[in-house]
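Asker: The numbers in the UniProt record's numbering rise by one with no breaks, and the one at position 224 of the sequence shown is 224.
All residues carry an ideal CB built from backbone N, CA and C; glycine is no exception.
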Amino acid sequence: MDNSNRVGSTQDPIAAGHGSTNNRLSGGYDEANYMQISRLEQFSTVEMGPHDSSNSWHGLAFDQLQGASSLPASARSLTEGSDAAEKVDSLTRLNKACDRCRKSKLKCDWSKPCARCVEDGVPELCQLTARKSRKVSDRLCTSTACEPCRIAKARCDANRPCSRCCKLGKQPQCVDHLVAVADRPLPFRNGKLIFGDELDNTFHVDFGRLGWAYGPIRRCWEWGHDPVAILRIFEDLPLYFQNILRVGLTAIEIVQRHMQSKRNTADRLLATNEAQARPIPSGFEGFEDYQDQMWDLNEDVGYLKLKWRKVQEERASLQINNSVSRIFGTHKEEVLARLARHELPLLTSEFEWLCRVMDLIFFSISPNSGKPMIRFERIHHVVGKEFKSALACITNTWDHDWSGNVRAAAFCLRRVSIDEFDALRSTNACMRPVTQHCLGDMSAHQMLDTYQMDVEKLKISNMKQTEQGREILWKLADLSQTQLAPVVAYAEQLKRANGSYDVF
Numbered sequence: 001m002d003n004s005n006r007v008g009s010t011q012d013p014i015a016a017g018h019g020s021t022n023n024r025l026s027g028g029y030d031e032a033n034y035m036q037i038s039r040l041e042q043f044s045t046v047e048m049g050p051h052d053s054s055n056s057w058h059g060l061a062f063d064q065l066q067g068a069s070s071l072p073a074s075a076r077s078l079t080e081g082s083d084a085a086e087k088v089d090s091l092t093r094l095n096k097a098c099d100r101c102r103k104s105k106l107k108c109d110w111s112k113p114c115a116r117c118v119e120d121g122v123p124e125l126c127q128l129t130a131r132k133s134r135k136v137s138d139r140l141c142t143s144t145a146c147e148p149c150r151i152a153k154a155r156c157d158a159n160r161p162c163s164r165c166c167k168l169g170k171q172p173q174c175v176d177h178l179v180a181v182a183d184r185p186l187p188f189r190n191g192k193l194i195f196g197d198e199l200d201n202t203f204h205v206d207f208g209r210l211g212w213a214y215g216p217i218r219r220c221w222e223w224g225h226d227p228v229a230i231l232r233i234f235e236d237l238p239l240y241f242q243n244i245l246r247v248g249l250t251a252i253e254i255v256q257r258h259m260q261s262k263r264n265t266a267d268r269l270l271a272t273n274e275a276q277a278r279p280i281p282s283g284f285e286g287f288e289d290y291q292d293q294m295w296d297l298n299e300d301v302g303y304l305k306l307k308w309r310k311v312q313e314e315r316a317s318l319q320i321n322n323s324v325s326r327i328f329g330t331h332k333e334e335v336l337a338r339l340a341r342h343e344l345p346l347l348t349s350e351f352e353w354l355c356r357v358m359d360l361i362f363f364s365i366s367p368n369s370g371k372p373m374i375r376f377e378r379i380h381h382v383v384g385k386e387f388k389s390a391l392a393c394i395t396n397t398w399d400h401d402w403s404g405n406v407r408a409a410a411f412c413l414r415r416v417s418i419d420e421f422d423a424l425r426s427t428n429a430c431m432r433p434v435t436q437h438c439l440g441d442m443s444a445h446q447m448l449d450t451y452q453m454d455v456e457k458l459k460i461s462n463m464k465q466t467e468q469g470r471e472i473l474w475k476l477a478d479l480s481q482t483q484l485a486p487v488v489a490y491a492e493q494l495k496r497a498n499g500s501y502d503v504f
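Structure representation (C-alpha cells):
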C-alpha cells in the first residue's frame, strides 16, 4: 500500500469537517502545522516500513509527535528549525495583515485590497493601521512609589506629595521609605542594634517637602517613630501654630550653627594638644559595654540609648532592654526592627506627644540644658492584645564628648503607682509642666480613667473641630511663642551681624 492510499484511507483530522483552506485555518490549524504533520507521516513510513501496523501517524506515540529522543537528531533539527522560521513568518504576516483579517485572526494575502475583503464585498474597508509602539510607562514601580499608592497599588508620580495624594488630601501620608530598611538577621548583641553608614535621605525627602526638616523633629524621628504619624501631627496644626513653630525652629538652627562654628574653631586649636595631654583610657569603651549589659539585665526600668557618629549626623547604634519590648508587647528583635524601619507607634496621644516634644525643646534652650530631665507622663502599653494606660517616670539624659557635642542620648522609663504619682503631684511642679499648662492639673485616677477617651479627643484634627480643643491648642501656641521669643531675637541679631536684614 503506497503512501497516498494510506493517508487517504485514514480520516484526515484537519480536513474533516472543514471544506476549504480558510475554514481549516479558522479552525485553529495553519498551513505550517499541516506541512509539519505531513513530514512526520513521511518520516514514520520510511523508518518503520510501509507494512508496519504503527506506520500511520495516528499510531505514533505522543512523545514522537513532540519530537522526543526516539526521532533521529536530523529530524528533530528539521522540525525545530521550521518552528522558529514559522514563528518569525507568522509575526511578519500579523504585522502586514489588514485590520479586518487581523481582527478575525484569518490569513491575509497582503494585497490592497486583499482577496478576503474583495470576496466579502467590502474592499473599501481593507485598511492597514499602524500598530502602536510600546511606550515606557510613567508609572513608578512599587519600590519608589509613595506609601499610600504602594498599598493601594495605584499609579504614582515622582512629585512629593504626588498628585493622587493631593487629590485625596493625604499629603502628610505621602512618604517614601528609600533607605530605612532593616534586614534580618539583625546585627544586634545584648539588645544593641549597630547601624552601618546611614544615608538619612529619607528624613529630608519625607519631612523637607512639607517644610518640617528641623533638627528637633529629626531627633524624634531617629527614635524610630512612624514619619506618617509625626507629619500628620504637624500638618494638622492650625496655620498660626505652624508659623510659630517654623520661626522658632529656624531660629534654633541658626543659633546652633553659630555655636557649632565657634566650637569647631576652638576644636581645631586644641585638638592636637588635648589628644596628647588626655589620651582616652583603653578600658573606657569596655566600661561602656559593661554598662550597657547591666542595663540589658534590668527588669524594672525600660532603657533606650541612641548613639550618633559625626556630630549627630548619623545613627551609630541603638540599644533597648527587655522591659521596652514588654511595653510594646512583642519580641526584642521585632522592636529593634521597627526602630530601624521607623515603624514604632506613639506611646501617648497626639497632643500629649506634641507637648512632650515642645517640653524637650524648651529644656534644650534653658539654663538646665545638658542635665537630666525628669517628667511624669501618661502612656499606654500592650497587655496581651489590649492597650492599657499606665503612669511612668521618664528620664532623659545626654552624654557629651570632650568638646561639648552630644554623642549619645538615653531614655529611661519606670512605671509608678497611683499613690506615688499623687504624692509627687502636690510637691513637684515640674512633673509635666507643658501638658499641665494646657490640660490642667489631673489626678492619677482621672488620667487613667479618661485615657481611652482622650486618645481620640486629643487628636489634632479632632481638637480643631471643638471650641475646647481650639482653646487648648492656642494655649500651647502662646506658650511656645513666649518660650522661643529670646531665641528668635538672638537669631535675628546674628543675621544682622552677618549682613542679612531679613526678619523671620
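1. Would the beta-carbon of C393 fall within 8 Å of that of V357?
2. Spell out whether any CB of chain C is found under 8 Å from the CB atom of L479.
3. Go to E467, then tell me how far its alpha helix (DSSP H) extends in each direction, as first and last residue.
4. Measure how close the beta-carbons of I217 and I233 come, nearest whole angstrom, since I'm counting them as under 8 Å.
5. Just to confirm my understanding: we take I254, look at its own chain, exclude 5 residues before and 5 after, and list those with CB closer than 8 Å. What are they?
6. Taking contact to mean 3 or more Cβ pairs, one atom from each stretch, closer than 8 Å, check whether the stretch 432 to 439 and the stretch 342 to 360 are in contact.
7. Quick one: any contact between the stretch 405 to 421 and the stretch 297 to 305, if contact means 3 or more CB pairs under 8 Å?
8. Helix, strand or coil: which one does DSSP assign to H437?
9. Taking S261 as the reference, which of L106, F421 and G404 has the closest Cα?
10. Quick check on E253: does DSSP put it in helix, strand or coil?
11. CA-CA distance, N322 and T348?
12. Suppose you measure from the CA of M442 to the CA of I379; what does that come to, to the nearest Å?
13. Assuming C146 and C165 are in contact, meaning their beta carbons sit under 8 Å apart, how far apart are those beta carbons, in whole angstroms?
14. Figure out for me which residue from G121, G215, C117 and E343 has the closest Cα to the Cα of G224.
15. Per the DSSP calculation, S389 is bridged to which residue(s)?
16. I'd like the ranges of any beta strand (DSSP E) spanning at least 3 consecutive residues and lying wholly in the stretch 314 to 384.
17. Suppose the cutoff is 6 Å on Cβ atoms and the five residues either side in sequence are ignored; what does the same chain contact list for L448 look like?
18. If you draw a straight line from the alpha carbon of R309 to that of L318, how long is it in whole angstroms?
19. Along the chain, where does the alpha helix (DSSP H) that runs through W308 open and close?
20. How long is the line joining the alpha carbons of N498 and H258, rounded to whole angstroms?
21. Considering only DSSP beta bridges, list what N428 is partnered with.
Answerer: Let me spell this out:
1. Here residue 393 refers to the residue found at position 393 when the sequence shown is read from its first residue. Here residue 357 refers to the residue found at position 357 when the sequence shown is read from its first residue. Result no, Cβ atoms of C393 and V357 do not sit closer than 8 Å.
2. Absent here is chain C; the protein component of the structure consists of one chain.
3. Numbered from 1 along the sequence shown, position 467 holds the residue referred to as residue 467. Per DSSP, E467 belongs to the alpha helix (DSSP H) from E467 to A497.
4. The sequence position of residue 217 within the sequence shown is 217, counting from 1. The sequence position of residue 233 within the sequence shown is 233, counting from 1. In this structure, I217 and I233 do not form a Cβ contact; the two beta carbons are roughly 10 Å apart against a cut-off of 8 Å.
5. Counted from its first residue, the sequence shown places residue 254 at position 254. So the qualifying residues of the chain are A491, L494 and K495.
6. yes
7. yes
8. What you label residue 437 is simply residue 437 of the sequence shown in a count that begins at 1. Three-state DSSP puts H437 in a helix.
9. By 1-based counting over the sequence shown, the position of residue 261 is 261. Here the closest residue by C-alpha is G404.
10. Against the sequence shown, residue 253 aligns to sequence position 253. Looking at E253 - three-state DSSP - the assignment turns out to be helix.
11. Along the sequence shown, read from residue 1 onward, the residue named residue 322 stands at position 322. Along the sequence shown, read from residue 1 onward, the residue named residue 348 stands at position 348. The straight-line gap from Cα to Cα measures roughly 20 Å.
12. Stepping through the sequence shown from its first residue, residue 442 is reached at position 442. Stepping through the sequence shown from its first residue, residue 379 is reached at position 379. Going by the C-alpha atoms only, they are around 15 Å apart.
13. Translated into the one-based positions of the sequence shown, residue 146 becomes position 146. Translated into the one-based positions of the sequence shown, residue 165 becomes position 165. About 6 Å; that satisfies the 8 Å criterion.
14. For the purposes of this step, residue 224 is taken as residue 224 along the sequence shown, with counting starting at 1. It is E343 whose Cα lies nearest to the Cα of G224.
15. As a first step, residue 389 is located in the sequence shown; it is residue number 389 there, counting from the start. In DSSP, S389 forms a bridge with H380.
16. 314 to 320 and 373 to 383
17. Your numbering for residue 448 matches position 448 in the sequence shown. These residues qualify, in order along the chain: S389.
18. The count along the sequence shown starts at 1 and reaches residue 309 at position 309. The count along the sequence shown starts at 1 and reaches residue 318 at position 318. The straight-line gap from Cα to Cα measures roughly 12 Å.
19. On the sequence shown, residue 308 is found 308 positions in, with the first residue counted as 1. Counting along the chain, W308 falls outside any alpha helix (DSSP H), though it belongs to the beta strand (DSSP E) covering V301 to R309.
20. Looking up residue 498 in the sequence shown gives position 498. Looking up residue 258 in the sequence shown gives position 258. Taking the straight line joining both Cα atoms gives about 11 Å.
21. For the purposes of this step, residue 428 is taken as residue 428 along the sequence shown, with counting starting at 1. Looking at the DSSP assignment, N428 forms no beta bridge with any residue, so it has no partner.
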